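Sequential numbering of the sequence shown, starting at 1, is according to my numbering.
Take a look at the structure set out below.
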Amino acid sequence: MTSELLIREMTIEDVPAQAAIRYASFPWFVASVAQQEVWWRTTRPEARVLRLLALRDGHAVGCAVGGFNISTSEPGASYVQVEVHPDHRGQGVGSALYQRLEEHLRAIGARRVRTFATEDPADRRWAQKQGYTQGAHDRYAQLDTAQLPSLPPLPSGVTTVSLREAGPQTVYDLDLAASVDEPGDMSFDGIPYDVWLGRYWNSPDQQLDVGTVVLVDGVAACATFLEANLALGKGVSTGTCTLREYRGRGLAKIAKSVALRQAAQAGIHTAITCNDYTNAPMIAVNDWLGYQPFASEYSYLKQLAD
């Protein structure tokens with residue numbers, strides 16, 4: 001007999017239990033518990049986030065989070081993510097969590113909601129059952145940092161430095177300017193500098209000596225970021241951005257080539273990256289580096305109100 005399901009609001013002390021569910025659910029998820037606690041602490045009040053934990057017999061079996069997407073200018077844009085431990089799926093846990101979150105989103109005035117589903121047909125059917133329509137498609141790929149192609153030659157005037165050497169203001173300005181046209185279902189319109197510092201630059205998994213900036217005649221033109229759980233020896237690329245006027249020059253290939261060599265020296269043996277399938281230039285760079293696809297994820301969207 002299945003015991004009664006208890007759903008309550010999460011506290012930051014529940015983050016380790018939430019992390020265990022995420023590690024079991026997603027082969028690409030490696031963020032440390034400390035990193036996930038930073039995500040919690042740097043969530044802005046205007047996001048109106050609700051976090052829920054589902055328990056059976058005192059054990060966490062699922063979790064969910066939802067609120068406004070405040071990095072876009074789209075009115076009422078919001079998100080929801082429901083995660084159920086693989087051993088407890090098919091028992092109504094996800095649906096019970098989602099019902100509470102949709103009620104919350106409607107109450108705060110959310111209009112369009114985005115969620116994600118893995119390539120597992122059951123996950124996609126579940127999203128469709130909740131009234132969501134399939135959107136963008138992302139590819140996850142990974143490589144062994146001990147097996148990299150030769151470093152591309154640096155063109156005249158091109159140099160590289162670490163994120164730490166470039167400094168936070170330079171990196172922030174580049175990140176903001178170069179990321180606004182990243183593919184996806186919702187526009188990205190940036191975040192304030194102080195939030196970016198706390199959530200990304202000063203986060204415990206951010207590898208400031210691995211992430212790399214490419215300078216062209218002294219101008220910061222391209223950067224690649226990598227966060228890593230050093231206890232696992234695994235890192236995740238959290239973005240590679242190139243200023244529009246410097247694209248097509250092979251700078252992303254240089255940035256990632258340098259960063260991945262630094263990652264190997266730092267004890268990061270596995271590097272993971274994610275790309276929208278429409279982002280052909282970046283996929284081509286990652287294929288050249290030797291990344292091998294191993295999973296994919298779909299975004300799903302639902303209109304709550306006009």
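Where a beta carbon is used, it is the ideal one built from N, C-alpha and C, also for glycine.
Because the structure is a prediction, the values reported are computed rather than measured.
Worksheet item: Whose CA, out of TYR298, LEU304, GLN303, lies closest to the CA of ALA122?
Response: Here residue 122 refers to the residue found at position 122 of the sequence shown. Looking at the Cα atoms, TYR298 is the closest of the given residues.
Item to complete: Leaving out five residues on either side along the sequence, give the residues of the same chain with a beta carbon under 8 Å from the beta carbon of GLY198.
Response: For the purposes of this step, residue 198 is identified with residue 198 of the sequence shown, where counting begins at 1. Around GLY198: VAL38, ARG41, THR42.
Worksheet item: Looking only at C-alpha atoms, which of GLY76, PRO86, TYR140, ARG89 sits nearest to ALA110?
Response: On the sequence shown, position 110 is the one that residue 110 refers to. Closest option to ALA110, Cα to Cα, is GLY76.
Worksheet entry | Distance CB(ALA54)-CB(VAL61) smaller than 8 Å | Residue mapping note: residue 54 aligns to position 54 of the sequence shown, counting from 1. Residue mapping note: residue 61 aligns to position 61 of the sequence shown, counting from 1. Yes, these two residues count as a Cβ contact at 8 Å.
Worksheet entry | Beta-bridge pairing of LYS302 - partner residues as DSSP gives them | Position 302 of the sequence shown, counted from the first residue, corresponds to residue 302. VAL113.
Item to complete: Using the Cα positions of THR273 and LEU260, report the straight-line distance between them to the nearest angstrom.
Response: Residue 273 sits at position 273 when you count from the first residue of the sequence shown. Residue 260 sits at position 260 when you count from the first residue of the sequence shown. The alpha-carbon atoms of THR273 and LEU260 are separated by roughly 12 Å.
Fill in: Three-state secondary structure assigned by DSSP to MET1
Your numbering for residue 1 matches position 1 in the sequence shown. Interpretation of MET1 is limited by its pLDDT of 45, a score under 50 that renders its predicted location unreliable; the figure taken from the coordinates is listed afterwards. Coil at MET1, not helix or strand.
Worksheet item: CB-CB under 7 Å to ILE70, same chain, minus the five flanking residues each way: which ones, in chain order?
Response: The residue you call residue 70 lines up with position 70 of the sequence shown. Within the same chain, ILE70 has close Cβ partners ARG44, GLU46, ALA47.
Worksheet item: Near PRO16, which residues of its chain fall below 6 Å by C-beta distance, leaving aside the five closest residues on each side in sequence?
Response: The residue given as residue 16 occupies position 16 in the sequence shown. Hits under 6 Å: VAL33.
Item to complete: Have a look at ARG247 and LEU176 and give me their C-alpha separation to the nearest angstrom.
Response: Working through the sequence shown from its first residue, we reach residue 247 at position 247. Working through the sequence shown from its first residue, we reach residue 176 at position 176. One C-alpha to the other measures close to 16 Å.
Worksheet item: Under the rule that 16 or more other beta-carbon atoms within 10 Å means buried, what is ASP205, buried or exposed?
Response: Residue numbering aside, residue 205 sits at position 205 when the sequence shown is read from its first letter. ASP205 is buried by the Cβ-count criterion.
Item to complete: Consult DSSP for ILE12 and reduce its assignment to one of helix, strand or coil.
Response: What you label residue 12 is simply residue 12 of the sequence shown in a count that begins at 1. Correct three-state label for ILE12: helix.
Item to complete: Quick one: grab the DSSP three-state call for ASP287.
Response: Taking the first residue of the sequence shown as 1, we reach residue 287 at position 287. Looking at ASP287 - three-state DSSP - the assignment turns out to be helix.
Discussion item. Going by C-alpha to C-alpha distance, which of PRO293, PHE294, ASN202 sits closest to GLN36?
Written reply: For the purposes of this step, residue 36 is taken as the residue at position 36 of the sequence shown. Checked all of PRO293, PHE294, ASN202; the closest Cα to GLN36 is ASN202.
Fill in: Secondary structure of THR170, DSSP reduced to three states
In the sequence shown, residue 170 corresponds to position 170, counting from 1. Helix at THR170.
Worksheet item: Sorted by chain position, which residues of the same chain lie with C-beta nearer than 8 Å to GLN81's C-beta, five sequence neighbours on each side aside?
Response: Within the sequence shown, the letter at position 81 stands for residue 81. Excluding positions up to five away in sequence, the list reads ALA64, VAL65, GLY66, THR115, PHE116.
Practice prompt. Mind checking who SER240 pairs with in its DSSP beta bridge?
Written response: Residue 240 sits at position 240 when you count from the first residue of the sequence shown. Strictly speaking, residue 240 in this sequence is Thr, with Ser absent from that position. THR240 is bridged to THR224.
Worksheet entry | Cβ neighbours of GLY239 in the same chain (closer than 6 Å, five flanking residues each side left out) | For this step, residue 239 is matched to residue 239 along the sequence shown. These residues qualify, in order along the chain: PHE225.
Fill in: Through-space distance from ALA19 to HIS59, alpha-carbon basis
Here residue 59 refers to the residue found at position 59 of the sequence shown. Here residue 19 refers to the residue found at position 19 of the sequence shown. Approximately 13 Å between the Cα atoms of the pair.
Fill in: Integer-rounded CB distance, given that ALA295 should sit under 8 Å from PRO27
The count along the sequence shown starts at 1 and reaches residue 27 at position 27. The count along the sequence shown starts at 1 and reaches residue 295 at position 295. Yes, PRO27 and ALA295 are in contact; Cβ-Cβ is about 6 Å, under 8 Å.
Fill in: Those runs of the beta strand (DSSP E) which lie wholly inside the region 65-130 and span at least 3 residues
77-84, 112-118
Discussion item. Give me, in chain order, the residues of the same chain whose beta-carbon lies closer than 8 Å to that of PRO183; leave out the 5 immediate sequence neighbours on both sides.
Written reply: The residue given as residue 183 occupies position 183 in the sequence shown. ALA136, ASP276, THR278, ASN279.
Worksheet item: Are there 16 or more other CB atoms within 10 angstroms of the CB of GLU9, so buried, or fewer, so exposed?
Response: Residue numbering aside, residue 9 sits at position 9 when the sequence shown is read from its first letter. With fewer than 16 Cβ atoms within 10 Å of its Cβ, GLU9 is classed as exposed.
Item to complete: Grab the span of the beta strand (DSSP E) containing ARG51 for me, first residue to last.
Response: In the sequence shown, residue 51 corresponds to position 51, counting from 1. Start and end: 50-56.
Practice prompt. Taking THR145 and ILE268 to be in contact with their CB atoms under 8 Å, please state how far apart those CB atoms are, rounded to whole angstroms.
Written response: Sequence index remark: in the sequence shown, residue 145 carries index 145 (1-based). Sequence index remark: in the sequence shown, residue 268 carries index 268 (1-based). Between ILE268 and THR145 the Cβ distance is about 6 Å, and since that is below 8 Å, they are a contact.
Worksheet item: Thinking C-beta only, is LEU151 closer than 8 Å to GLY290?
Response: Indexing the sequence shown from 1 puts residue 290 at position 290. Indexing the sequence shown from 1 puts residue 151 at position 151. Not a contact, by the Cβ cut-off of 8 Å.
Discussion item. Within the continuous beta strand (DSSP E) that includes ASP194, where are the two ends?
Written reply: Locating residue 194 in the sequence shown gives position 194, where the first residue counts as 1. Taken as a continuous stretch (DSSP letters only), ASP194 belongs to no beta strand (DSSP E), being part of the alpha helix (DSSP H) at 193-196.
Worksheet item: Bridge partners of HIS137, per DSSP?
Response: Within the sequence shown, residue 137 is the residue found at index 137, counting from 1. Beta-bridge pairing links HIS137 to TYR298.
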